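2 protein chains.
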Amino acid sequence: MAERKTSDERRDEIVRATLRLVATKGFAGVTLRDVAAEVGVVHGLIRHYFASRDDLVAAAFDDAVTRELASDRAQLEGLEPLAALAGWLSATPEHHYRVWIDAWSEAPRTPALATALDRHHRDCERILIDLIERVVDAGIATSADPAADARMLTAVADGVAVQHHAMDIIGVDEADTIVLGAAEQRLGLAPGSLARAHPAPARGHWAAV
Amino acid sequence: MAERKTSDERRDEIVRATLRLVATKGFAGVTLRDVAAEVGVVHGLIRHYFASRDDLVAAAFDDAVTRELASDRAQLEGLEPLAALAGWLSATPEHHYRVWIDAWSEAPRTPALATALDRHHRDCERILIDLIERVVDAGIATSADPAADARMLTAVADGVAVQHHAMDIIGVDEADTIVLGAAEQRLGLAPGSLARAHPAPARGHWAAV
DNA sequence: ACTTTTATTGTCCAGTTGGATAACAGTGGC
DNA sequence: GCCACTGTTATCCAACTGGACAATAAAAGT
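Quick mapping for you: the protein sequence lines, in order, are chains A and B.
For the first sequence, counting from 1, position 14 maps to 14 in the UniProt record's numbering; every step adds exactly one.
For the second sequence, counting from 1, position 130 maps to 130 in the UniProt record's numbering; every step adds exactly one.
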């Protein structure tokens, strides 16, 4: 009677449903029954795929970020160095950052989440380092220490995202202005050059969620 | 038989206990029974002071930040402009930022928390603006738009705090290096001047908790 | 001394939680 | 066609939750 899905399909379905719920209710607020209801199955089934609730949320975060970073990387490679840098630094959709902010808050209490978070943060730094090096190699910008610059600019982007998404103190335009302005100053770019290179609202992030 | 405390004393006790627990278990993870146990009373008593759990955590956050900002303001006034700026921007203790990061993640779901968070974030910006203006008035630094500079530097400090406290990717020294370095560049200060002006580890924040 | 107030307790409740477990039902190997 | 496998369901459970409530005892007012 019941349509039966393959293991991989179902697992993927559960992970995506979990992530959708985490974005609105937070890691701590998502229950197995929530996820089961979102998928349309019995809550016991979740346990068939994930050993514990902590495993589930950590896997959901891990899968989602892995997928997103791969998609972002591919998207950025097709752009000019300056446009790619601007695209990476500009504001990302709300549900994206809501999950990251929740992860920051939960990581100290959930080792599996902490591991995933640490790895993906370093991935993000790596991507930014590469972008900076591309701009420097193109002779447009200067950077004595791309790793240090990436670390600082990642901090700016995260802090601005908090002001924008968590507190709604600034809008998306001001968020971009601050982050891109900081990058221009830090990398010796002409003021406004990054803002102008900013590609069309490539809000492709997490489109697959 | 039982020693009976005044309303204000008890309320304060509850608020501080709540905050201590929030720092380790997060806003969503603190239960009325946890708080009651920490204070050493029955959980019903908490309800006598706070109408609901949400009221409790919002009041705890609000009270704590109000107290801390007042203490910080007093402490900063006694310092030279440069030292005050460095002191404000340098890393703050873990339990302090753990609460803020949790507040960022919970605010979108808890209106009372969102209100308190919004107000206190603006307070923090205001403090930094004043500090910047003091340094500018002293002829040490330049700032075309203190408000914009404060907003950007607050973002850096928050983002660095995440990397330091939530992810443990950087240590306290590197955290200070990044934030103070960013401020030096932004405000046209000589490189290293803020780091040198950095007062002795004035880790007085939240000492009263 | 008495009454009023209120800080504090102990207990109850209905709802929700994560997890365990046994039965059931498609699916693929042989 | 049979069987092992595993995706799936339906319950059960002990623990915990926020909140409600009446009873108690200490303080304050008079």
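Virtual Cβ for every residue (Gly too), placed ideally from N, Cα, C.
Keep in mind the model is a prediction, meaning the values are calculated, not measured.
Counting C-beta pairs with one atom in each stretch, the stretch 19-34 of chain B and the stretch 73-92 of chain B have fewer than three that are closer than 8 Å, which means they do not touch. Against chain B, the CB of V156(A) has a partner CB under 9 Å away; the residue lies at that interface.
Below the 7 Å Cβ cutoff, chain B contributes no neighbours of W88(A), its closest Cβ being approximately 15 Å away. Taking C-beta atoms as the reference points, A86(A) and A195(A) count as a pair closer than 9 Å. DSSP places E13(B) within a helical segment (H, G or I) once states are collapsed to three. Take I101(A), set aside five residues on each side of it, and the residues of its chain with a beta-carbon closer than 8 Å to its own are A161, V162, H165, A166, in chain order. Secondary structure of K25(B) (DSSP, three-state): helix. Between H95(A) and A147(A) a beta carbon distance of about 29 Å is seen, past the 8 Å cut, so the two are scored as non-contacting.
Counting along the chain, I127(B) sits inside the alpha helix (DSSP H) bounded by residues 111-137.
The three-state reading of DSSP puts A175(B) in helix, counting H, G and I together.
Using a CB distance cut-off of 9 Å, Q75(A) does not count as an interface residue toward chain B. In the DSSP annotation of this structure, I169(A) is not part of any alpha helix (DSSP H), being labelled neither H nor E. The Cβ of A197(B) sits no closer than 9 Å to any Cβ of chain A. At a C-beta separation below 9 Å, P191(A) has no neighbours in chain B, since its nearest C-beta there lies roughly 12 Å away. The beta-carbon of H96(A) is placed no less than 9 Å from the nearest beta-carbon of chain B.
At a cut-off of 9 Å between beta carbons, I178(A) contacts chain B.
Rounded to whole angstroms, A60(A) and R109(A) show a C-alpha spacing of 16 Å.
T154(A) sits in a helix when the DSSP states are folded into three classes. For the 9 Å CB-CB criterion, L89(B) and A183(B) form a contact. Only exposed fits D8(B), as fewer than 16 other CB atoms lie within 10 angstroms of its CB. Taking each of V57(A), K5(A), V42(A) in turn and checking the Cα distance to A107(A), the smallest one comes out for V57(A). Looking at I140(B), L180(B), A138(B), the one whose alpha-carbon comes closest to that of A91(B) is L180(B). DSSP places R4(B) outside both helix and strand once states are collapsed to three, so it counts as coil. For the stretch 24-50 of chain A, residues whose beta-carbon sits nearer than 9 Å to a beta-carbon of chain B comprise T24, K25, G26, F27, A28, G29. L187(A) places its beta carbon 9 Å or farther from that of I127(A). When DSSP states are grouped into helix, strand and coil, I140(A) belongs to the coil group. The beta carbon of V42(B) sits closer than 7 Å to those of A36, all from its chain and outside the five residues before and after it, given in chain order. Identification of chain A residues near A107(B) by a Cβ-Cβ cut-off of 8 Å yields A166, M167, ordered along the chain. For H164(A), no alpha helix (DSSP H) run applies, since DSSP gives it neither H nor E.
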